[in-house]
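The opening residue of the sequence shown carries number 5 in this note's numbering; numbering runs sequentially from there. Working notes, beginning with the structure itself.
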Amino acid sequence: MSRLRIGVVGGGMIAQVEHLPNLVALGDRFELVGVADPSAHVRAAIAERHATTAVPTLDDLLALELDALLVATPDPLHPGAVIAGLDAGLHVFSEKPLCYTQSDAEEIIRRRDATGLVVQVGYMKRFDPNYEAMLAVLPEGGRGLRYISVDVNDPDSWPFVDHRPLLRPDDVPAGLIEDARALQRRQAAEALGMEVDGAELRGYVDPLMSGVVHTVNSVHGMLDRMGIEAGPVVGGRIWAGGASASGTVSLLDGEATWHFAQVFAPGIAWYQERYMLHFDDLAVEIQFPSPYLNHQQTAVIVRRSTGLRLDTTLVQAGYGEGFVRELEGFHDAITGAAPQRNTVEEAMRDAGLLTEVARRAIGVPA
Numbered sequence: 005m006s007r008l009r010i011g012v013v014g015g016g017m018i019a020q021v022e023h024l025p026n027l028v029a030l031g032d033r034f035e036l037v038g039v040a041d042p043s044a045h046v047r048a049a050i051a052e053r054h055a056t057t058a059v060p061t062l063d064d065l066l067a068l069e070l071d072a073l074l075v076a077t078p079d080p081l082h083p084g085a086v087i088a089g090l091d092a093g094l095h096v097f098s099e100k101p102l103c104y105t106q107s108d109a110e111e112i113i114r115r116r117d118a119t120g121l122v123v124q125v126g127y128m129k130r131f132d133p134n135y136e137a138m139l140a141v142l143p144e145g146g147r148g149l150r151y152i153s154v155d156v157n158d159p160d161s162w163p164f165v166d167h168r169p170l171l172r173p174d175d176v177p178a179g180l181i182e183d184a185r186a187l188q189r190r191q192a193a194e195a196l197g198m199e200v201d202g203a204e205l206r207g208y209v210d211p212l213m214s215g216v217v218h219t220v221n222s223v224h225g226m227l228d229r230m231g232i233e234a235g236p237v238v239g240g241r242i243w244a245g246g247a248s249a250s251g252t253v254s255l256l257d258g259e260a261t262w263h264f265a266q267v268f269a270p271g272i273a274w275y276q277e278r279y280m281l282h283f284d285d286l287a288v289e290i291q292f293p294s295p296y297l298n299h300q301q302t303a304v305i306v307r308r309s310t311g312l313r314l315d316t317t318l319v320q321a322g323y324g325e326g327f328v329r330e331l332e333g334f335h336d337a338i339t340g341a342a343p344q345r346n347t348v349e350e351a352m353r354d355a356g357l358l359t360e361v362a363r364r365a366i367g368v369p370a
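Below is the structure:
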């Protein structure tokens, strides 16, 4: 099996809790060559923990003769890092959201197509074996589909990352933090067509583009399986100071509706992510555990009825970890062992829908 030399830019929570230990565990596929992060404290901890090189900047990382780059920086820095990786001749795995703006997406696509390199976006739920098994249950053409609901109760990560050593940075220069925030404001303004700040900005970049983006991508996968295209966004709301958000989408020319909501509940150590697909003669439910709890089985429940008899089936396809399987998929796409999944185009479909939800929520004129 071809072993790829990979570097990781961004040493924050998602890198420390998931990507770095998973890359090390996949040592037959990847050699973790180095990590870049502006925090000297984080660099020292990662270098000791994983016996790898830790450098302060992306330029330093790109000098280490890599085959691939994993981007786990703060969200507004994703497109610049992806483009830098492609320009260096590297395959790139980027955490979501890939980018906010269509112009950034088009630039990434242009460079990707010119080089023939792989750009994969980090939607690990699409690699969950139970999610994949659930897709097989869905009827062709979405026959009888009436309603899709997605409800997420999210206290953020704090209750669910204690199984990994995690060092949060306390020494990143204030100027770098402010530069990233200013870049995010500019990117959001371009995407939304107006300048936003405060609760409106937070609602767009946090619960929607950083949280709900996962659920939107998952439902898009379900719709693709049934051969359905999402219709227009018909509603959007941001509330609780921008900490929570919801959206509503028309399906099947108004014959069905898709509604999703992400509620931030910081004071309770409980996570719930529940999807319900209601058909005339079928109900399909999928419940994801907190994404940071490794090898916790996703529950799929299928309900059918014959007269008064209700048959309930629990579908269990395994304990495979989505975060691990997406890295295996990245390797397979690079080596030609399997088609690429989670493309730039799919990521921008998700971003486009959520941008329209945010525009609805903050009252941007059509």
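Ideal placement from N, C-alpha and C gives every residue a C-beta, glycine not left out.
Asked, Found
"For the structure I just gave you, are there three or more beta carbon pairs, one from the region 142 to 158 and one from the region 272 to 286, closer than 8 Å?", "yes"
"What's the gap between the Cα of T359 and the Cα of Q124?", "21 Å"
"Going by beta carbon distance, what residues of the same chain come within less than 6 Å of I366, once the five residues before and after it are set aside?", "E204"
"Going by Cα to Cα distance, which pick from T119, N346, P169 and L149 is closest to I18?", "P169"
"If you follow the beta strand (DSSP E) that A40 is part of, which residue opens it and which one closes it?", "F34 to A40"
"Below 8 Å between beta carbons: does that hold for A109 and M352?", "yes"
"Going by beta carbon distance, what residues of the same chain come within less than 6 Å of G324, once the five residues before and after it are set aside?", "P133"
"Hey, would you say K100 sits closer than 8 Å to Y127, going by beta carbons?", "yes"
"Quick one: residues in its chain with C-beta nearer than 7 Å to the C-beta of S254, no 5 flanking neighbours on either side, listed in chain order?", "G235, P236, V238 and T261"
"Could you tell me the boundaries of the beta strand (DSSP E) in which N157 lies?", "L149 to D158"
"For A58 and A49, what's the separation of their Cα atoms in angstroms?", "9 Å"
"In this structure, how does DSSP classify R364 when only helix, strand and coil are distinguished?", "helix"
"Give a yes or no on contact between the region 70 to 81 and the region 14 to 28, applying the rule of three or more CB pairs nearer than 8 Å.", "yes"
"Enumerate in chain order the residues of its own chain whose CB-to-CB distance from A355 is below 8 Å, with the five nearest sequence positions on each side excluded.", "P101, L102, C103, Y104, A109, A195, M213 and V217"
"Output the boundary residues of the beta strand (DSSP E) element that contains P369.", "No beta strand (DSSP E) holds P369; DSSP gives it neither H nor E."
"Got a sec, what are the start and stop residues for the alpha helix (DSSP H) M198 sits in?", "Neither: M198 is in no alpha helix (DSSP H) and is coded neither H nor E."
"By the DSSP assignment, the beta strand (DSSP E) with L281 in it spans what residues?", "Q276 to F283"
"Give me, in chain order, the residues of the same chain whose beta-carbon lies closer than 7 Å to that of P270; leave out the 5 immediate sequence neighbours on both sides.", "P159 and D160"
"For R150 versus D285, is the C-beta spacing smaller than 8 Å?", "no"
"Cutting at 8 Å between CB atoms, please list the residues of its own chain near I3, excluding the five before and the five after it.", "Any property of residue 3 remains undetermined from this structure, which presents the chain solely from 5 to 370."
"In chain order, what residues of the same chain have a beta carbon less than 6 Å from the beta carbon of T219, not counting five sequence neighbours either side?", "V154 and F264"
"Kindly list the residues whose CB is nearer than 8 Å to the CB of A44, restricted to its own chain and excluding five residues on each side of it in sequence; keep chain order.", "P60 and D175"
"For a quick check, are the C-beta atoms of I10 and D64 less than 8 Å apart?", "no"
"How far does the beta strand (DSSP E) with L74 in it extend, from its first residue to its last?", "A72 to V75"
"Tell whether a beta-carbon distance below 8 Å holds between L142 and M230.", "yes"
"Output yes or no for whether 8 Å exceeds the beta carbon distance between G240 and A362.", "yes"
"At which residue ranges does the region 46 to 131 contain complete beta strand (DSSP E) runs of 3 or more residues, listed in the order of the chain?", "57 to 59, 72 to 75, 95 to 99 and 123 to 126"
"How many whole angstroms separate the CB atoms of A247 and P295, which I take to be in contact at a CB cut-off of 8 Å?", "About 18 Å separates the two Cβ atoms, so there is no contact after all."
"Alpha carbons only, please: which of A303, R308 and G146 is nearest the one belonging to L318?", "A303"
"For a test of the three-state rule: what should DSSP assign to A341, helix, strand or coil?", "coil"
"Apart from the five residues just before and just after I242, which ones in its own chain have a Cβ nearer than 6 Å to its Cβ?", "G207, A249 and A365"
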